[in-house]
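Have a look at the structure below, then the notes.
Number of protein chains: 2
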Amino acid sequence: MIKLSKKVEYAIMALQYISENSSKTNTAKEIAEKLSLPYDFLSKLLQTLMKKGLLVSQLGVKGGYMLVKQINEITVEDLMNALDERSRIVECADNDGSCCSRTEICDIRSPIMNLQEQINNIFKNTTIANLKNNI
Amino acid sequence: MIKLSKKVEYAIMALQYISENSSKTNTAKEIAEKLSLPYDFLSKLLQTLMKKGLLVSQLGVKGGYMLVKQINEITVEDLMNALDERSRIVECADNDGSCCSRTEICDIRSPIMNLQEQINNIFKNTTIANLKNNI
DNA sequence: CTAAATTCGGATAAAAATAATCGTATTTTT
DNA sequence: AAAAATACGATTATTTTTATCCGAATTTAG
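This is how it looks when you write it as structure tokens:
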């Protein structure tokens with residue numbers, strides 16, 4: 022329930038991989054194989070990141086993906102926004118609060134929103150580069 | 022994906038309600054009606070909280086639930102532990118890391134665990150009493 | 001003693017979200 | 001022209017979350 026989706030998890034790994042091999046284009050196939058990730062799923066996900074402007078792609082043979090920004094300029098929040106559309110701890114967190122039948126009696130909305138912000142801050146302040154082991 | 026479950030959400034409301042009516046036992050029925058929550062679901066949830074020691078129950082007519090601790094002594098983390106069993110942002114967060122086939126090549130476990138702890142801290146430092154509107 | 005109001009417990013079902021797969025089209029290089 | 005890629009849409013499968021149902025046990029009140 023407080024959990025990173027596989028999309029985000031795979032995307033973190035993929036971006037790190039691409040970053041380590043930034044001198045060339047990286048194919049979905051190669052990334053999937055090297056990281057043992059499901060190809061089709063990863064492939065979709067990379068396309069999404071491309072559409073959202075985090076990656077550029079090259080079509081055809083010799084095609085693949087490359088980074089647009091450095092991974093220390095991409096935050097986990099960026100990824101979640103690009104991939105997940107919603108990272109709201111309660112449904113009413115992304116609207117005016119009139120989403121549920123309990124609006125009138127809801128006693129917790131505003132403090133929950135505060136909690137939301139604290140969590141957002143964590144993801145906003147963590148870059149993909151931060152998420153590497155320093156072995 | 023980064024979302025409080027309905028269990029936790031309802032539990033927060035229910036505990037606050039019980040706290041406001043702490044002079045008497047509160048039935049699941051009453052709480053469900055007053056807060057517009059689904060009875061059966063809430064009922065189960067209260068039983069769980071009882072088993073986990075956050076509430077005491079009284080059987081039979083005139084039965085119901087009462088708080089064991091004040092709501093400023095119960096954290097969101099307590100609730101999540103009691104209700105959800107898992108609040109790990111990745112699967113391997115609650116074991117030795119040997120859960121997936123990528124263990125050998127996993128380059129992100131330790132920093133992800135750090136992220137985990139930051140999130141845990143938020144829930145650890147937020148009590149049910151904190152989550153009330155100051156209207 | 002009986003009826004009613006309640007918690008308790010197990011089982012199951014329904015719905016939603018997440019993850020994965022498939023098929024085909026398009027682009028580019030050789 | 002063939003091969004190696006990405007692009008895109010549709011669909012399926014799996015898992016998790018949410019909700020419901022039923023019958024049993026307990027306690028109070030009449």
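Chains A and B, in that order, are what the protein sequence lines are.
So for the first sequence, our numbering puts the first residue at 22; every next one is plus one.
So for the second sequence, our numbering puts the first residue at 22; every next one is plus one.
Glycine included, each C-beta is placed from N, C-alpha and C at the ideal position.
Quiz item: With a cut-off of 8 Å, do at least 3 Cβ pairs link the segment 85–96 of chain A to the segment 137–156 of chain A?
Solution: yes
Quiz prompt | A/Val74 classed as buried or exposed, judged by whether at least 16 other C-beta atoms fall within 10 angstroms | solution = For the purposes of this step, residue 74 of chain A is identified with residue 53 of the first sequence, where counting begins at 1. It should be pointed out that residue 74 of chain A corresponds to Gly in this sequence rather than to Val. By the 10 Å Cβ count, A/Gly74 comes out exposed.
Quiz item: Per DSSP, B/Thr96 is paired with what?
Solution: In the second sequence, residue 96 of chain B corresponds to position 75, counting from 1. B/Thr148, per the DSSP bridge assignment.
Self-check item: Same chain, Cβ closer than 6 Å to B/Met133, neighbours up to 5 away in sequence not counted
Solution: On the second sequence, residue 133 of chain B is found 112 positions in, with the first residue counted as 1. It is Ile, not Met, that sits at residue 133 of chain B in the sequence shown. The residues are Val111.
Practice problem: Please name the residues in the segment 92–105 of chain A whose beta-carbon is closer than 9 Å to at least one beta-carbon of chain B, in chain order. | Solution: Val97, Met101 and Asp105
Quiz item: Any idea what DSSP makes of B/Val82, helix, strand or coil?
Solution: Sequence index remark: in the second sequence, residue 82 of chain B carries index 61 (1-based). Coil, per DSSP.
Quiz prompt | 6 Å Cβ shell around B/Ala53 - same chain, five flanking residues per side excluded | solution = On the second sequence, position 32 is the one that residue 53 of chain B refers to. If we look at B/Ala53 and ignore the five residues flanking it on each side, its Cβ neighbours are Tyr60 and Leu63.
Self-check item: Opening and closing residue of the alpha helix (DSSP H) in which B/Gln37 lies
Solution: Within the second sequence, residue 37 of chain B is the residue found at index 16, counting from 1. Unbroken alpha helix (DSSP H) run through B/Gln37: Lys27 to Glu41.
Quiz item: Does the beta carbon of A/Pro59 sit closer than 8 Å to a beta carbon anywhere in chain B?
Solution: The residue labelled residue 59 of chain A in the question sits at position 38 within the first sequence. So, not an interface residue.
Quiz prompt | chain A contacts from the segment 74–94 of chain B (Cβ-Cβ distance under 7 Å) | solution = none
Self-check item: Nearest-angstrom Cα separation, counted from B/Lys50 out to B/Lys72
Solution: Numbered from 1 along the second sequence, position 51 holds the residue referred to as residue 72 of chain B. Numbered from 1 along the second sequence, position 29 holds the residue referred to as residue 50 of chain B. Approximately 19 Å between the Cα atoms of the pair.
Quiz item: Can you check whether the CB of B/Leu104 is closer than 8 Å to the CB of B/Ala35?
Solution: One-based indexing of the second sequence puts residue 35 of chain B at position 14. One-based indexing of the second sequence puts residue 104 of chain B at position 83. No, Cβ-Cβ distance for B/Ala35 and B/Leu104 is not below 8 Å.
Quiz item: When the Cα atoms are used, what is the spatial distance from B/Lys83 to B/Glu30?
Solution: In the second sequence, residue 83 of chain B corresponds to position 62, counting from 1. In the second sequence, residue 30 of chain B corresponds to position 9, counting from 1. If I take the Cα positions, the gap works out to 26 Å.
Quiz item: Excluding sequence positions up to five away, which residues of its chain have a Cβ less than 7 Å from the Cβ of A/Thr69?
Solution: Here residue 69 of chain A refers to the residue found at position 48 of the first sequence. Cβ within range, chain order: Ala103 and Leu104.
Practice problem: Find the nearest neighbour of A/Gln37 within the set A/Lys24, A/Ser26, A/Gln79 and A/Lys90, judged by alpha-carbon distance. | Solution: As a position in the first sequence, residue 37 of chain A is number 16, starting the count at 1. Selected option, being the one with the closest Cα: A/Lys90.
Self-check item: Residue-chain proximity (A/Lys145, chain B), Cβ-Cβ < 8 Å
Solution: On the first sequence, position 124 is the one that residue 145 of chain A refers to. No, no contact with chain B.
Quiz prompt | From B/Gln137, B/Ile129, B/Thr48 and B/Ile39, residue whose alpha carbon lies closest to that of B/Gln79 | solution = In the second sequence, counting from the first residue as 1, residue 79 of chain B sits at position 58. Closest by alpha carbon: B/Thr48.
Exercise. Mind listing the chain A neighbours of B/Asn42? Cutoff is C-beta to C-beta under 7 Å, in chain order.
Key: Taking the first residue of the second sequence as position 1, residue 42 of chain B is located at position 21. Per Cβ cutoff of 7 Å: no residues; B/Asn42 is ~13 Å from chain A at best.
Exercise. At 7 Å on the CB atoms, spell out the chain B contacts of A/Ser131, in chain order.
Key: As a working note, residue 131 of chain A is residue 110 in the first sequence. Simply Asn154.
Quiz item: Between B/Glu98 and A/Gly85, what straight-line distance do the alpha-carbon atoms span, to the nearest angstrom?
Solution: Sequence index remark: in the second sequence, residue 98 of chain B carries index 77 (1-based). Sequence index remark: in the first sequence, residue 85 of chain A carries index 64 (1-based). Approximately 43 Å, taken between the alpha carbons.
Practice problem: Find the nearest neighbour of B/Leu67 within the set B/Ser43, B/Asn42, B/Leu100 and B/Lys45, judged by alpha-carbon distance. | Solution: In the second sequence, the residue the question calls residue 67 of chain B occupies position 46. Per the Cα distances, B/Leu100.
Quiz item: A/Leu136 and B/Ile143 look like a contact to me (Cβ under 8 Å); what is the Cβ gap, rounded to whole Å?
Solution: Your numbering for residue 136 of chain A matches position 115 in the first sequence. Your numbering for residue 143 of chain B matches position 122 in the second sequence. Yes, they are in contact, since the Cβ atoms of A/Leu136 and B/Ile143 sit about 7 Å apart, within 8 Å.
Quiz item: Ends of the alpha helix (DSSP H) at B/Gln91?
Solution: If you number the second sequence from 1, residue 91 of chain B lands on position 70. B/Gln91 -> no alpha helix (DSSP H), and no H or E assigned at all.
Quiz item: Shorter than 8 Å from the beta carbon of B/Ile52 to some beta carbon of chain A?
Solution: As a position in the second sequence, residue 52 of chain B is number 31, starting the count at 1. Output row for B/Ile52: interface = no.
Self-check item: Nearest-angstrom Cα separation, counted from A/Lys55 out to A/Val77
Solution: Indexing the first sequence from 1 puts residue 77 of chain A at position 56. Indexing the first sequence from 1 puts residue 55 of chain A at position 34. In a straight line, the C-alpha of A/Val77 is about 20 Å away from that of A/Lys55.
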